[in-house]
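Just so you know, the sequences run in chain order A and B. Under the numbering used here, the first residue of the first sequence is numbered 1, with each subsequent residue one higher. Under the numbering used here, the first residue of the second sequence is numbered 366, with each subsequent residue one higher. Built from N, CA and C at the ideal position, the CB exists for glycine as well. Small disclaimer: the values here were computed from a predicted structure and weren't measured. Only one structure is covered here, and it is reproduced in the block below.
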Amino acid sequence: MNPTLKAFIKKELVQTLRDTRMRVLLFGAPILQLTIFGLALSTEIKNIKLAVFSQPGDTAAVRLAEDFYSSGWFKPSVFRPGEDPFELIGSGRADAVLIMPAGGLGRAAGRAEGRMQLLVDASNATKARVVEAYARTITARAAAAYGPAPEQPLSFDVRVLYNPAMESSLFLVPGVMGMLVCLVTIILTAMSLTRERELGTFETIVSAPLSDAEILLGKTLPFVLLGLVVFSLVLTAAHLIFGVPVRGPLWQLFLAAFVFVVTTVSVGTSISTLAKNQQQAMLGGFMFLFPAILMSGIMYPVENMPAAVIGAAYLDPLMYFMRLLRSIMLKGGDLQVFWTNVGALALMAVFAAGLAYNRFKQTLD
Amino acid sequence: MNGFSLHRAWAIARKEVMHVLRDPFTLALALGLPVMLVTFFGYAIDFEVRDIKVAVADRDNGPAARRLKEIFSASGYFQVLEAADPVGMLDSRRADAALFIEPGFSRDAQGGRPARAQFVLDGSDNSKGAVMMAYLPGIQRAAAARIYGLEPAFAPLSVETRFLFNPELSSRWFMVPGLAVIIIGLLAILLTAMTVAREWENGSMELLLSTPVRPLEIIIGKLAPYGLLVLTGVFFVYLSARLVFGVPFEGSHLLFLLACLLFITAALSQGLFISVAARQQQVAMQVAIISGLLPSMLLSGFIFPVESMPAFFQYFTMILPPRWFMVAARGIFLKGSGLAELAVPLAALAALSLLLLALALKKFKTDLEP
């Protein structure tokens, strides 16, 4: 390697890492964020505030309410007798209200007329759906007290693969890892050239005895390296703190990370050549990050997107990386999945690097 | 020289407006980006799980097995694929679940004996897995009726559900206000995060300080134009939510404006505090994105409900302005919540605005001490 290029790369690394604040932001923040999000986030809905309206002395209703509260999904909502159930939900003091039949639940159920009304706050539609499903499960179980449940002649043996305990952290933590690596690499690169130009140090670099490609390499390679270091850090943290398994081979994981980091570093570098000032660079970085995270599949299934816009998701490098991480870590890395997604990422990396190079040359002239 | 002068704050604001006007890219982005992103993602995001792909290995090939497959596809939730190696399809993501029907299934069913099939599902996405499991009892009941000719089971207890505020359970109605909150908040942080750091880097801060302008005037002068800009963005988002997505607006517009103003002030002050504290644009960007982007997307209740978090994190989210505005925006849009219901979120937003503003001012003043 050209010694000037080597020195250039070293300078770039030293410059980025010499600031303590930068070191903390670069290495400390991702681990802290992984821990916070891994602990806090769960796709399971819990602590649903439920108010049960029943006649005094209706012991069957009290027993059913107990079933709801002991399920772990519901918790009692505080209300005064005679309050309006709609008002209770409207004010947000209850998420759901269960209204028992007027003549007492036990008697009604004996006549097979134990019809209860459940009012659900559907301003959060997904949550409302889950609340209803929980309520059905609990009442179906409670119904057994009123006569044996009919034998189901057909039954399924259900087996859950890859995540038998269905823990949300196993699903969410690899997603958060991908987001953090994406975030760090974009932040590092989106401003780098814009800043040099604003400060006037860009001319000094250009006058160095290096070709255009070498300058670009010197401006990107250190960040690819840092991106991989951050990836290793969050991977270790995910494994040690959350027990997320790595069932596939490590080379797959690191090859995927390498191709992904090259893509995001190139995207960031392109942004920094396009931006006229650092504020534009930051807004440009945001314009990439926000859609990339939303369409990555960590928050909702990408396959559900309407056909007209799903094409946009296929342009999102983070979506491929997320699929790769989940496939390698949780499922052992099926080779076909691996090569298709890595291939798609590599294509993007080449395209983004070409764009960065092209823009970079124009900036030099 | 002493005291707050509106005139001097106005001068700073004018200078900041000129900055923005000179940079059409930033201006277009600030006005257009929120409505673009809200419209696109409001349309794109859909939480309903459907078209679950089930790879079926039918080793029975009898009439009952065929009927079971028909029941799966007729349910509307499942898409049945014949497969020789269903587990391989799960490994490669080509199927979400696998169904094994062993030889003898139809014989048992026709003889009236209990019959069993194995259902294997991909649990790596636990919420999707839970949805699949929730569909199984319905399939079981339908199979009992069609294969064994049994009457629908006697149900002593039943629940009749009424969904309030969003009877059709449209996920757009709750996604669109949520998206608006996140995008507006982020934009506000990003716009101000650079302003002071830029002046320090360019050296124009020293110049500004040698004038009689006081710190509070600089801060107000820097906040006001961006506040106006973001508020205009909110107006476009509001139009898109109402006209494009038909989201109902049950509450008071005045209250919504008040909530918006409080939230925008909080987010702008957060950006300003970052800018004052960082003094360097790159550090400012890092902190702005780290403290803005992910926490507001993940911890505000946008998708992952705050109530489901462990107790510690429920308290932790209280320091995030978007968490409070999320409650207020969804409440005002969908539930018609009034001042009484939203007293806590609004008070929290006001308190956070004041706190962040005070922090920015204090940090700014200490920096000015010789």
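When you compare the CB positions of residue i and residue j, do they come within less than 9 Å of one another, or not?
i	j	result
asparagine 304(A)	glycine 494(B)	no
phenylalanine 601(B)	valine 541(B)	no
alanine 460(B)	alanine 474(B)	no
arginine 21(A)	alanine 643(B)	yes
leucine 446(B)	valine 158(A)	no
serine 457(B)	alanine 430(B)	no
methionine 691(B)	serine 665(B)	yes
phenylalanine 171(A)	threonine 43(A)	yes
methionine 319(A)	glycine 285(A)	no
leucine 119(A)	aspartate 58(A)	no
phenylalanine 231(A)	methionine 177(A)	yes
leucine 581(B)	alanine 716(B)	no
isoleucine 328(A)	proline 209(A)	no
isoleucine 366(A)	valine 267(A)	What is shown of chain A runs 1 to 365, which leaves residue 366(A) out entirely.
leucine 379(A)	arginine 23(A)	The structure shown has nothing for residue 379(A), since chain A only spans 1 to 365.
alanine 143(A)	glycine 114(A)	yes
serine 634(B)	leucine 722(B)	yes
proline 317(A)	alanine 292(A)	yes
glutamate 672(B)	asparagine 2(A)	no
Which residue marks the beginning of the alpha helix (DSSP H) containing residue i, and which one marks its end?
i	result
arginine 695(B)	686-695
serine 438(B)	428-439
valine 160(A)	From DSSP, valine 160(A) is part of no alpha helix (DSSP H) but of the beta strand (DSSP E) over 154-161.
aspartate 423(B)	Note, aspartate 423(B): premise wrong, no alpha helix (DSSP H); beta strand (DSSP E) at 417-423.
glutamate 381(B)	371-387
glycine 114(A)	Taken as a continuous stretch (DSSP letters only), glycine 114(A) belongs to no alpha helix (DSSP H), being part of the beta strand (DSSP E) at 114-121.
glutamine 33(A)	29-40
glutamine 252(A)	250-274
glutamate 132(A)	125-143
glutamate 12(A)	3-17
phenylalanine 443(B)	Careful: phenylalanine 443(B) lies outside any alpha helix (DSSP H), inside the beta strand (DSSP E) at 443-447.
alanine 312(A)	307-313
Interface residues of chain B around residue i at Cβ under 9 Å?
i	result
asparagine 163(A)	Asp487, Gly488, Ser489, Asp490, Asn491 and Gly494
glutamate 203(A)	Within 9 Å Cβ-Cβ: nothing; glutamate 203(A) doesn't reach chain B, min ~18 Å.
Taking the alpha carbon of residue i as the point to measure from, which residue in the options has its own alpha carbon closest?
i	options	result
leucine 154(A)	Thr526(B), Arg506(B) and Ser523(B)	Arg506(B)
alanine 353(A)	Val24(A), Pro101(A), Thr185(A) and Val265(A)	Val265(A)
glycine 175(A)	Leu659(B), Leu719(B) and Gly469(B)	Leu659(B)
valine 485(B)	Val419(B), Leu604(B) and Gln645(B)	Val419(B)
valine 350(A)	Gln278(A), Phe258(A) and Ser77(A)	Phe258(A)
alanine 409(B)	Ser70(A), Pro245(A), Ala94(A) and Val309(A)	Val309(A)
phenylalanine 614(B)	Lys700(B), Pro710(B) and Arg563(B)	Lys700(B)
tyrosine 442(B)	Val496(B), Asn531(B) and Ala631(B)	Val496(B)
phenylalanine 156(A)	Ser605(B), Ala723(B), Ala482(B) and Val648(B)	Ala482(B)
lysine 49(A)	Gly90(A), Lys10(A), Asp316(A) and Glu12(A)	Gly90(A)
aspartate 95(A)	Ser77(A), Pro101(A) and Gly110(A)	Ser77(A)
isoleucine 417(B)	Phe405(B), Pro670(B), Val578(B) and Ala463(B)	Ala463(B)
valine 244(A)	Ala165(A), Cys182(A), Leu315(A) and Ala312(A)	Ala165(A)
isoleucine 466(B)	Asp490(B), Ala499(B) and Arg432(B)	Arg432(B)
glycine 38(A)	Leu88(A), Leu26(A) and Ala237(A)	Ala237(A)
Using a Cβ cut-off of 7 Å, pull out every chain A residue sitting near residue i, in sequence order please.
i	result
glutamine 651(B)	Leu25 and Ile187
phenylalanine 406(B)	Leu294
methionine 559(B)	Gln278, Gln279 and Met282
serine 536(B)	Ala125 and Thr126
proline 539(B)	Sequence check: residue 539(B) is phenylalanine here, not proline. The answer, in chain order, is Ser123, Asn124 and Ala125.
methionine 683(B)	In chain order: nothing, as chain A lies at least about 13 Å away.
leucine 455(B)	Leu161
Please list the terminal residues of the continuous beta strand (DSSP E) segment that includes residue i.
i	result
glutamine 483(B)	480-487
leucine 466(B)	It is worth fixing the name first, because residue 466(B) is isoleucine in this sequence and not leucine. Start and end: 462-466.
Show which residues of chain B have a CB atom less than 7 Å away from the CB atom of residue i.
i	result
isoleucine 45(A)	Pro670 and Ser673
lysine 6(A)	Here the premise fails: no neighbours, minimum Cβ distance about 24 Å.
threonine 220(A)	Ordered by position in chain B, no residue passes the 7 Å Cβ test against threonine 220(A), which lies about 16 Å from the chain.
isoleucine 89(A)	Leu529
List the residues of chain A that residue i touches, going by C-beta distances under 9 Å, in chain order.
i	result
tryptophan 565(B)	Near tryptophan 565(B) there are no residues of chain A at all, since even the closest Cβ is about 12 Å away, more than 9 Å.
glycine 611(B)	Within chain A, no residue comes near glycine 611(B); the closest Cβ sits about 14 Å away, beyond 9 Å.
proline 532(B)	Ala122
threonine 731(B)	Those within 9 Å of threonine 731(B) in chain A number zero; the least Cβ separation is about 17 Å.
Run down chain A in chain order and give the residues with a C-beta less than 8 Å from the C-beta of residue i.
i	result
aspartate 324(B)	This structure gives no information on residue 324(B), because the portion of chain B shown stretches from 366 to 735.
glutamate 413(B)	Asn304
glutamine 648(B)	Rather than glutamine, the amino acid found at residue 648(B) in this sequence is valine. Within 8 Å Cβ-Cβ: Asp19, Arg21, Met22 and Leu25.
List, in order along the chain, the chain B residues whose C-beta lies closer than 8 Å to that of residue i?
i	result
valine 309(A)	Phe405, Tyr408 and Ala409
>> List, from N- to C-terminal side, the beta strand (DSSP E) runs of 3 residues or more that fit wholly inside the stretch 50-108 of chain A.
In response: 74-76 and 96-99
>> Restricting to runs no shorter than 4 residues, where is the alpha helix (DSSP H) found entirely within the stretch 553-623 of chain B?
In response: 560-567, 569-574 and 580-604
> Which runs of the beta strand (DSSP E) fall wholly inside the stretch 179-246 of chain A and span at least 3 residues, in chain order?
Replying inline: none
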